[in-house]
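Colleague: Numbering (the numbering used here), first residue to last: 351 to 665.
1. What are the boundary residues of the alpha helix (DSSP H) that residue 584 is part of?
2. Would residue 423 pass as a contact of residue 484 if the rule is Cβ separation under 8 Å?
3. Is residue 541 closer than 8 Å to residue 601 when the C-beta atoms are compared?
4. What do you reckon, are the CB atoms on residue 482 and residue 425 nearer than 8 Å?
5. If you follow the alpha helix (DSSP H) that residue 654 is in, where does it begin and where does it stop?
6. Look at residue 353 and residue 628 and say whether their C-beta atoms are less than 8 Å apart.
7. Contact defined as beta carbons within less than 8 Å: I believe residue 592 pairs with residue 572. What is the distance between those atoms, to the nearest angstrom?
8. Run through the DSSP bridge pairs and tell me what residue 492 is partnered with.
9. Check whether the segment 380–389 and the segment 359–367 are in contact - that is, three or more C-beta pairs closer than 8 Å.
10. What is the residue span of the beta strand (DSSP E) that residue 628 lies within?
11. Under DSSP, the alpha helix (DSSP H) around residue 409 begins and ends at which residues?
12. Who are residue 397's beta bridge partners in DSSP?
13. What does a CB cutoff of less than 6 Å around residue 663 pick up in its chain, not counting 5 residues either side in sequence?
14. Would you call the segment 434–443 and the segment 398–411 touching, i.e. three or more CB-CB distances under 8 Å?
Written out as structure tokens, the structure reads:
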């Protein structure tokens, strides 16, 4: 069993670029397993483009892994994505964690780019196959409904062999894509009760197809804050989350001390999750740095201690 704790960001909550790089350096030196950037193109909130962040992290960091959480493959050309991911993986010496989904049917990203939402699942399925084959084969020929290739080759190939491929989504079609092409599954904004049946369904389908998935390759996350639930930032976060979910945000955040966060982490562990993407509830550079330091000092060692052989000593 291998349990890991990564950190995820959606909005650019830093004061400036310097603050962002301070935070990246802290994650890289502090023992954070991975950094995950959400994918959003159109919106009034400050959001960095995820593939640009991946390339930037490849040049800045030395140890931490990094991935997209998750990139909408239905929006992107799979050949260009295969080349970009391979390039970033080579330059980072094998630290990219590619993760793809289809995105929402009501996403403004599709409208603004003139990309039809209809058929996005089919495009994603074809794209995942193309990614996998271009990363491992030469002269790939593919005749799909949406994409066609003849003797296509990319070089250099990714440094990781095999290249990991995380897939997002909880619908039946997403489960099928995960089993057929993925090496791991990444949950969206879902609590332990949400992810439990999805993980079970993936394992069942994987056995049916003879493609058992590594039990350590199931990921999910939650928002966290060391502090009080009465803080205005927590109230705002929960209000936004409740509006997005259309239901009470129960089981999606942990606010308080390390014990409260580990209580929620164990709920996910019981559901089959082994990789965590922890999202700081913070605003501004100083707050992000403080919450991340507390996570590194207190929460990461507790999660790591759940491994049969902890990778680092507890503080």
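We treat Cβ as the ideally placed atom computed from N, Cα and C, and that holds for glycine.
Modeller: Looking at the atomic coordinates:
1. What you label residue 584 is simply residue 234 of the chain shown in a count that begins at 1. Its alpha helix (DSSP H) spans residues 582–595.
2. Numbered from 1 along the chain shown, position 73 holds the residue referred to as residue 423. Numbered from 1 along the chain shown, position 134 holds the residue referred to as residue 484. Not in contact: residue 423 and residue 484 (Cβ atoms no closer than 8 Å).
3. Taking the chain shown and counting its residues from 1, one reaches residue 601 at position 251. Taking the chain shown and counting its residues from 1, one reaches residue 541 at position 191. Yes, these two residues count as a Cβ contact at 8 Å.
4. Taking the chain shown and counting its residues from 1, one reaches residue 482 at position 132. Taking the chain shown and counting its residues from 1, one reaches residue 425 at position 75. Against a cut-off of 8 Å, the Cβ pair of residue 425 and residue 482 comes out as no contact.
5. Stepping through the chain shown from its first residue, residue 654 is reached at position 304. 650–654 is the span of the alpha helix (DSSP H), which, as asked, contains residue 654.
6. Counted from its first residue, the chain shown places residue 353 at position 3. Counted from its first residue, the chain shown places residue 628 at position 278. Not closer than 8 Å, so no.
7. Locating residue 592 in the chain shown gives position 242, where the first residue counts as 1. Locating residue 572 in the chain shown gives position 222, where the first residue counts as 1. Contact doesn't hold; Cβ gap of about 15 Å is too wide.
8. The residue given as residue 492 occupies position 142 in the chain shown. Per DSSP, 499.
9. yes
10. The residue labelled residue 628 in the question sits at position 278 within the chain shown. Segment 625–630, the beta strand (DSSP E) holding residue 628.
11. Working through the chain shown from its first residue, we reach residue 409 at position 59. First-last of the alpha helix (DSSP H) with residue 409: 400–410.
12. The sequence position of residue 397 within the chain shown is 47, counting from 1. BP columns for residue 397 point to 361.
13. Looking up residue 663 in the chain shown gives position 313. Interpretation of residue 663 is limited by its pLDDT of 46, a score under 50 that renders its predicted location unreliable; no figure is taken from the coordinates.
14. yes
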